[in-house]
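Structure record follows, encoded as structure tokens.
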Amino acid sequence: MIDDLFSRLDSEDQRREILADGAMLLHGCAHAQAPALLAAVDEIAAVAPFRRMQTPGALRMSVAMSNCGALGWVSDRQGYRYSPLDPDNGRQWPAMPEVFCQLAQMAAAAAGFPDFLPDACLINRYEPGSKLSLHQDKDEPDREAPIVSVSLGLPAVFLFGGLKRKEPTTRVLLAHGDVVVWGGPARLRYHGVQTLKHGLFPETGNSRINLTFRKAGPPGRQ
DNA sequence: TAGTCGCG
DNA sequence: ATTG
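Numbering (the working numbering), first residue to last: 317 to 538.
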């Protein structure tokens, strides 16, 4: 059923699945680096703790977030934007660890987007009950660069839709080490995460950690 | 209760 | 219109 919605990139490598034109799932791509990634997340969170941000509607998101890199995605009653400073402490976000940047570059290249240089990494922590409604990543002025999303910890159902909210969504189970890359004609596709179910994953404190790499700075300088 | 609608 |  779901298999019908996917086409296989090639029969030799069942670990790459095309979700749409310009969107690819790299199954288990980050599995080897996962321990290093999680250790780096802990270091980042010690400096820029996870927090549940407010939305323009003055409600709180269920997902707790932090950032690393030159720019971080923030939300408050004023709206969504990128900021070089952590609004909770007025300091720059922690630097993007080398292992983050290398993984993001490698995954982007494997999905057909060479020379991806992310300047922002949004770190989302999902506890059981957390979800992210269907949305577009459209706060980045440069739409040439792709989005790279790395899943760690508990599995979650990723919703991948079209360029209009009402278009049907594909449901994709994302497990520890999976990476999704979307760009080009898929860059503005709606996407979201279904409510996380509880499960056992001690390495992440029984939560799901998602790293989302973006180029959030001005166009050019790729 | 999962899916859909639609509020502000 | 909507990362609620």
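Using N, Cα and C, we set each Cβ at its ideal position, and we do this for glycine too.
Keep in mind it's a predicted model, so treat the numbers as computed, not measured.
Tell me which residues share the same chain as residue i and place their Cβ nearer than 6 Å to its Cβ, disregarding the 5 neighbours each side in the sequence.
i, result
"V496", "L341, S465"
"H514", "P444"
"A472", "L490, V509, L512, R524"
"A427", "M340, V497"
Here's the rule: buried if 16 or more other CB atoms are within 10 angstroms of the residue's CB, otherwise exposed. What is residue i?
i, result
"K480", "exposed"
"L375", "exposed"
"T371", "exposed"
"D358", "exposed"
"E456", "buried"
"T511", "exposed"
"L492", "Note on identity: in this sequence residue 492 is His, with Leu being the wrong assignment. So H492 ends up on the buried side."
"G395", "exposed"
"D453", "buried"
"E483", "exposed"
"F529", "buried"
"E539", "Because the chain in this structure spans residues 317 to 538, residue 539 falls outside the shown range and cannot be described."
"D494", "buried"
"S449", "exposed"
"I425", "The question names Ile, but residue 425 is Ala in the sequence shown. So A425 ends up on the exposed side."
"D402", "buried"
Could you pull the start and end residues of the alpha helix (DSSP H) that residue i belongs to?
i, result
"F429", "Unbroken run through F429: none, as it is neither H nor E."
Along the chain, where does the beta strand (DSSP E) containing residue i start, and where does it finish?
i, result
"L516", "Element bounds for L516: n/a, residue is neither H nor E."
"M340", "339–342"
"T486", "486–490"
"L479", "Segment: none, L479 is in no beta strand (DSSP E) and carries neither H nor E."
"A436", "436–442"
"S449", "448–451"
Ignore the nearest five residues each way along the sequence and tell me which others in residue i's own chain have a CB closer than 7 Å to its CB.
i, result
"V363", "P410"
"I360", "S382, C384, P410, I439"
"Y398", "L387, G388, W389, A436, D455, A532"
"R505", "A336, A339, F476, G477, G478, L479, W498"
According to DSSP, simplified to helix, strand and coil, what is residue i?
i, result
"A348", "coil"
"A425", "helix"
"L468", "strand"
"G508", "strand"
"L419", "helix"
"D319", "Confidence at D319 is low in this model, with a pLDDT of 38, below 50, so its placement is unreliable and the value that follows should be read with caution. In this structure, D319 counts as helix in the three-state DSSP scheme."
"E456", "coil"
"E333", "strand"
"A532", "coil"
Please return the same chain residues whose Cβ sits closer than 8 Å to the Cβ of residue i, not counting the five positions on each side in sequence.
i, result
"P547", "For residue 547 there is no data in the structure shown, the boundaries of the chain being 317 and 538."
"M369", "R376, M377, M381, V390, S391, D392"
"R331", "L342, H343, G344, C345"
"D405", "In the sequence under discussion, the amino acid at residue 405 is Asn, which differs from the Asp named in the question. So the qualifying residues of the chain are A364."
Report the start-end ranges of each beta strand (DSSP E) in the region 353–409 that is 3 residues or longer and not cut off at the edges. 380–384, 388–392, 395–399
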